[in-house]
Amino acid sequence: MLFLESLARPILIGHAIAAAVLVGATTHHLLWCRHYLFGRYGQIKAERRFATICAIAFVATFIAGNLLYPTYKVRVRAEYFDNPAAISDEVKLRVQQHATIGVAPTPAPPLVASLSPVARLFDIKEHWVAIGCAASVALWILSRKLHPKDDARVLPLYVGLSAVQCGTAWFGAVVGLVTASFRSVGGPV
Amino acid sequence: MNPRVFYATCAALVGFVLMYTLPIYARLPRTFYDPVARRWFFAANATPIPMGYVGQIIWGIAGALVAGGLAMMLASRKKDAPSDRAFALGSAWTLTAIVIILGYFTWNNWP
């Protein structure tokens, strides 16, 4: 049994919920920051609250993802994505099952490649979210200690970090869903 | 308004992204976790299964703490108020470092 493998499913659900909060909060934060570009600071209290929610959600999502990582690395990546034989067998089984349940059979692909490109896309996501998490914590510190309202010269960094935070959160969420789809609705090929 | 926070935040972020990347770029030793053997080890390279990600994050956090602490210390010695140019350069360096490192990992792992 791998580290926390028995808890992988509940951790994954917690990871997904935290990620949903993160995507919503970072999008809100970036949209509210756009007012600062025009010198409007009316929503500052709410914006600061969102900066805190973003940082907590980012760190929580990141920690949950790291706890799941050993299970992903062995059970998903090594045993499935990087294993063309497993993918090939699954394709054959699905084709057989199409006949059994009477749905129109989809022709099996002539060659079943490995899903290593998906795993590499997931690697890119890991690095993006690590940097996004650092940006989110930095943004939270700025929101508390040196807000653009107090010194407008911080504004480019503040809005830039909000954009990095939002972009990395969205990228992480989309790549996570794409990765998970390969053994569910999307099928293996 | 405390400009030391600005300098420290910029330096910590630049320190994080550079030191997070350095063990990959320069193949430096870092902490790996082998999920099959359930053991930790310190090495520059490993077979595909052991995870070097945690070691990379430790490098990044160490870089952020050192760079942020140094910037805080140096900024506290500076008597003058920071110029507009200092703010512009700090912001530009920080955001550029982030974009370059995101691009580096995307290029290196592109499917």
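Protein chains in written order, with the working numbering: chain L, 987 to 1175; chain P, 15 to 125.
Virtual Cβ for every residue (Gly too), placed ideally from N, Cα, C.
Going by alpha carbons, who is nearest to Phe1108 (chain L) out of L:Gly1162, L:Leu993 and L:Ala1121? By one-based count along the first sequence, residue 1108 (chain L) stands at place 122. For Phe1108 (chain L), the nearest C-alpha among the options comes from L:Gly1162.
Between the CA atoms of Met987 (chain L) and Arg1069 (chain L) - distance to the nearest angstrom: Residue numbering aside, residue 1069 (chain L) sits at position 83 when the first sequence is read from its first letter. Residue numbering aside, residue 987 (chain L) sits at position 1 when the first sequence is read from its first letter. Here residue 1069 (chain L) turns out to be Asn, not Arg, going by the sequence shown. Spanning the two alpha carbons is a distance of roughly 20 Å.
Proximity winner among L:Val1007, L:Lys1031 and L:His1001, relative to Trp1181 (chain L) (alpha-carbon distances): The displayed coordinates of chain L run from 987 to 1175. Any statement about residue 1181 (chain L) would go beyond what the structure contains.
Please tell me whether Met87 (chain P) has its Cβ less than 7 Å away from any Cβ of chain L. Indexing the second sequence from 1 puts residue 87 (chain P) at position 73. False, the Cβ-Cβ gap to chain L never drops below 7 Å.
Mark Gly1088 (chain L) as exposed unless 16 or more other C-beta atoms lie within 10 angstroms of its C-beta, in which case mark it buried. Position 102 of the first sequence holds residue 1088 (chain L). By the 16-neighbour rule on beta-carbons within 10 angstroms, Gly1088 (chain L) is exposed.
Which residue or residues does DSSP assign as beta-bridge partners of Phe46 (chain P)? On the second sequence, residue 46 (chain P) is found 32 positions in, with the first residue counted as 1. Looking at the DSSP output, Phe46 (chain P) bridges to P:Phe55.
What three-state label does DSSP hand Met86 (chain P) in the structure shown? Start at 1 with the first residue of the second sequence, and residue 86 (chain P) comes out as number 72. DSSP, read as helix, strand or coil, puts Met86 (chain P) in helix.
Taking 7 Å as the CB-CB cut-off, is Pro1103 (chain L) touching chain P? Counting from one through the first sequence, the residue named residue 1103 (chain L) turns up at place 117. Residue-level contact by beta carbon holds for Pro1103 (chain L) and chain P, with a gap shorter than 7 Å.
Limits of the unbroken alpha helix (DSSP H) element including Val1009 (chain L): The residue labelled residue 1009 (chain L) in the question sits at position 23 within the first sequence. Counting along the chain, the alpha helix (DSSP H) containing Val1009 (chain L) begins and ends at Ala994 to Tyr1022.
From the DSSP output, in three-state form, read off Met65 (chain P) for me. Position 51 of the second sequence, counted from the first residue, corresponds to residue 65 (chain P). The answer is strand: DSSP assigns Met65 (chain P) an E or B state.
Within chain L, the residues that Ala26 (chain P) reaches when beta carbons sit closer than 7 Å: The sequence position of residue 26 (chain P) within the second sequence is 12, counting from 1. Chain L residues near Ala26 (chain P): Ala1124.
Under 7 Å, Cβ to Cβ, is there at least one residue of chain L near Pro43 (chain P)? Position 29 of the second sequence, counted from the start, is the residue given in the question as residue 43 (chain P). No, its Cβ sits nowhere closer than 7 Å to a Cβ of chain L.
Taking the alpha carbon of Tyr127 (chain P) as the point to measure from, which residue in P:Cys24, P:Ala60 and P:Pro64 has its own alpha carbon closest? Lying outside 15 to 125, the shown extent of chain P, residue 127 (chain P) is not represented and no answer is given.
Distance, Met87 (chain P) Cα to Ala58 (chain P) Cα: The count along the second sequence starts at 1 and reaches residue 58 (chain P) at position 44. The count along the second sequence starts at 1 and reaches residue 87 (chain P) at position 73. Near 32 Å, if we compare the C-alpha coordinates of Met87 (chain P) and Ala58 (chain P).
For Leu1101 (chain L), which residues of its own chain have a beta-carbon under 8 Å away from its beta-carbon, when the five flanking residues on both sides are left out? Stepping through the first sequence from its first residue, residue 1101 (chain L) is reached at position 115. Hits under 8 Å: Tyr1066, Phe1067, Asp1068, Ile1073, Phe1168 and Pro1174.
What is the DSSP secondary structure of Asp1136 (chain L), reduced to helix, strand or coil? Sequence index remark: in the first sequence, residue 1136 (chain L) carries index 150 (1-based). Collapsing the DSSP output to three states places Asp1136 (chain L) in coil.
Suppose contacts are defined by Cβ-Cβ distances below 7 Å. Is Ala81 (chain P) in contact with Ala25 (chain P) by that definition? Against the second sequence, residue 81 (chain P) aligns to sequence position 67. Against the second sequence, residue 25 (chain P) aligns to sequence position 11. It is a contact, given that the beta carbons lie within the stated cut-off.
Judging by CA-CA distance, which residue of L:Arg1130, L:Gly1153 and L:Val1164 is the nearest neighbour of Leu1008 (chain L)? Start at 1 with the first residue of the first sequence, and residue 1008 (chain L) comes out as number 22. It is L:Gly1153 whose Cα lies nearest to the Cα of Leu1008 (chain L).
Within 10 angstroms of its Cβ, does Leu1132 (chain L) collect 16 or more other Cβ (buried), or is it exposed? Position 146 of the first sequence, counted from the first residue, corresponds to residue 1132 (chain L). Leu1132 (chain L) comes out buried.
Among L:Leu1147, L:Arg1061, L:Gln1083 and L:Leu1054, which one has its Cα closest to the Cα of Ile999 (chain L)? As a working mapping, residue 999 (chain L) is identified with position 13 in the first sequence. L:Leu1054 is the residue among L:Leu1147, L:Arg1061, L:Gln1083 and L:Leu1054 whose C-alpha sits nearest the C-alpha of Ile999 (chain L).
Among residues of its own chain, excluding the 5 on either side of Gly104 (chain P), which ones have a beta-carbon nearer than 8 Å to its beta-carbon? Counting from 1 along the second sequence, the entry for residue 104 (chain P) is found at position 90. Scanning its chain for C-beta atoms nearer than 8 Å, with the 5 sequence neighbours on each side dropped, one finds around Gly104 (chain P) the residues Phe20, Tyr21 and Cys24, in chain order.
Could you list which residues in chain P have their beta carbon closer than 8 Å to that of Ile1030 (chain L), in chain order? Position 44 of the first sequence, counting from 1, holds the residue named residue 1030 (chain L). What Ile1030 (chain L) touches in chain P: nothing, since even the nearest Cβ is about 15 Å away.
Taking 7 Å as the CB-CB cut-off, is Met65 (chain P) touching chain L? Taking the first residue of the second sequence as 1, we reach residue 65 (chain P) at position 51. For Met65 (chain P), a Cβ of chain L is located within less than 7 Å of the residue's own Cβ.
Note down, in chain order, every chain L residue with its Cβ under 7 Å from the Cβ of Pro49 (chain P). Position 35 of the second sequence, counting from 1, holds the residue named residue 49 (chain P). In chain order: Leu988, Phe989, Pro1056, Lys1059 and Val1060.
Buried or exposed for Thr110 (chain P), please, with buried defined as at least 16 other CB atoms from any protein chain shown within 10 angstroms of its CB. Taking the first residue of the second sequence as position 1, residue 110 (chain P) is located at position 96. With fewer than 16 other Cβ atoms within 10 Å, it is exposed.
Measure from the alpha carbon of Met33 (chain P) to the alpha carbon of each residue in P:Trp124, P:Arg52 and P:Ile75, then state which is nearest. As a first step, residue 33 (chain P) is located in the second sequence; it is residue number 19 there, counting from the start. The shortest Cα separation from Met33 (chain P) among P:Trp124, P:Arg52 and P:Ile75 belongs to P:Ile75.
Counting only C-beta atoms, is Phe101 (chain P) closer than 7 Å to chain L at any point? The residue you call residue 101 (chain P) lines up with position 87 of the second sequence. When Cβ-Cβ separations below 7 Å define contact, Phe101 (chain P) makes contact with chain L.
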